[in-house]
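Visitor:
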Amino acid sequence: MVEHGFTSMGLHRISSWCIAENGASIGVLRNLGMREEGRLRENEFLKGRWWDALVFGLLMEEWVGSTRR
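Residues in the sequence shown are numbered from 1236 upward in steps of one, following the numbering used here.
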């Protein structure tokens, strides 16, 4: 999907976010080469409480230079 975004769609940047306590999702985003760019405090209300969200991003130039392709 990342490859499609950069090569077929010509995107400059791809971003994503996940709940800060979701270790599996954090691992997937990091394995894609995404960098953590910030934290949105109490951004999502789920299961009766507020959760922080982590924002991740990847620039095309970072992806091109990556061995993850």
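All residues carry an ideal CB built from backbone N, CA and C; glycine is no exception.
Note that this is a predicted model, so its numbers are computed, not measured.
Report all residues from its chain with a CB closer than 8 Å to the CB of F1280; omit the five preceding and five following residues, and keep chain order.
Guide: W1286
Visitor: List the whole-angstrom C-beta distance separating E1297 from G1262, where the pair is believed to meet the contact cut-off of C-beta under 8 Å.
Guide: The pair is not a contact, with the Cβ atoms about 18 Å apart (cut-off 8 Å).
Visitor: Check whether chain B comes within 7 Å of S1251, counting only Cβ atoms and requiring the distance to be less than that.
Guide: Absent here is chain B; the protein component of the structure consists of one chain.
Visitor: Once the 5 residues before and after R1274 are set aside, which same chain residues still bring their CB inside 8 Å of it?
Guide: A1255, D1287, A1288, L1289 and V1290
Visitor: Nearest to S1251 by alpha carbon, out of F1241, E1272, G1245 and G1283?
Guide: A check of alpha carbon separations from S1251 across F1241, E1272, G1245 and G1283 identifies E1272 as the nearest.
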